[in-house]
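Before any comments, here is the structure.
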Ligand code: GDP
């Protein structure tokens, strides 16, 4: 998926994960440093561009959002083709979204190149404490760490709301991606 624009390489990064885990919010935080509490976070375009300095080199990322098409697995497949890296999100306050991570990894590994760098992201970390108090089953950090280890992927927890770890997550992934290309 590496293209040349001028003298700069463009790396295709795709966001994956169940609906409502915060993919659009993650991108909105990363690209515009904004957060919207509810509703229309979809930016209305297929992808966003973001330039980050990775190991001293300006690195152009083309970040793709599923735009609400998560349920259509055939679309997901064409979407992952030629990806250089994947941000795979789940919601730490939604066990189901964590259990579905394996399914997402199956799709990704089916379609993309071998050993494509994956950053597993447990989003909505800001909500965990309150959710636990309300008796909602949450995903412990150690579960995310273990699953990431199983797949040899990177891992972090983020809050698109508070902005914590969002840039860091993308930087870590970008570092892996640029090492390979
Ligand atoms: P997507 O379907 O995966 O793109 O998810 P959205 O970005 O549309 O987010 C779904 C809902 O979760 C929205 O109401 C967001 O405001 C909310 N949300 C997303 N990320 C966070 C987060 O980190 N913390 C909190 N508290 N809410 C979030």
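In the numbering used here, the protein residues as written are 1 to 181.
Virtual Cβ for every residue (Gly too), placed ideally from N, Cα, C.
Just so it is clear, the structure is predicted and the values come from calculations on it, not from any experiment.
- Taken in chain order, the whole beta strand (DSSP E) runs of length 3 or more contained in the segment 8 to 43 are 8 to 16.
- Ranked by Cα distance from residue 90, the first of 52, 99 and 56 is 99.
- Secondary structure remark: continuous alpha helix (DSSP H) runs of at least 4 residues inside the segment 137 to 165, in chain order: 141 to 150.
- One Cα belongs to residue 162, the other to residue 113, and the distance between them is close to 33 Å.
- With contacts defined by Cβ atoms closer than 7 Å, residue 132 and residue 138 form a contacting pair.
- In the pairwise beta carbon analysis, the segment 55 to 62 is classified as not touching the segment 148 to 159: fewer than three pairs are separated by under 8 Å.
- A residue is called buried when at least 16 other Cβ atoms come within 10 angstroms of its Cβ; residue 103 does not meet this threshold and is exposed.
- Here the alpha carbons of residue 115 and residue 85 stand approximately 10 Å from one another.
- Straight across, the Cα-Cα distance linking residue 121 with residue 88 is about 6 Å.
- With fewer than 16 other Cβ atoms inside 10 Å of its own Cβ, residue 78 counts as exposed.
- For the set 10, 167 and 164, the Cα lying nearest the Cα of residue 83 is the one of 10.
- Looking at the backbone, the Cα of residue 176 and that of residue 53 are separated by about 13 Å.
- When C-alpha distances from residue 27 are compared across 111, 123 and 92, the shortest belongs to 123.
- Here DSSP, grouped into helix, strand and coil, assigns residue 101 to helix.
- The nearest non-hydrogen atom of the ligand GDP is 6 Å or more from the C-beta of residue 139.
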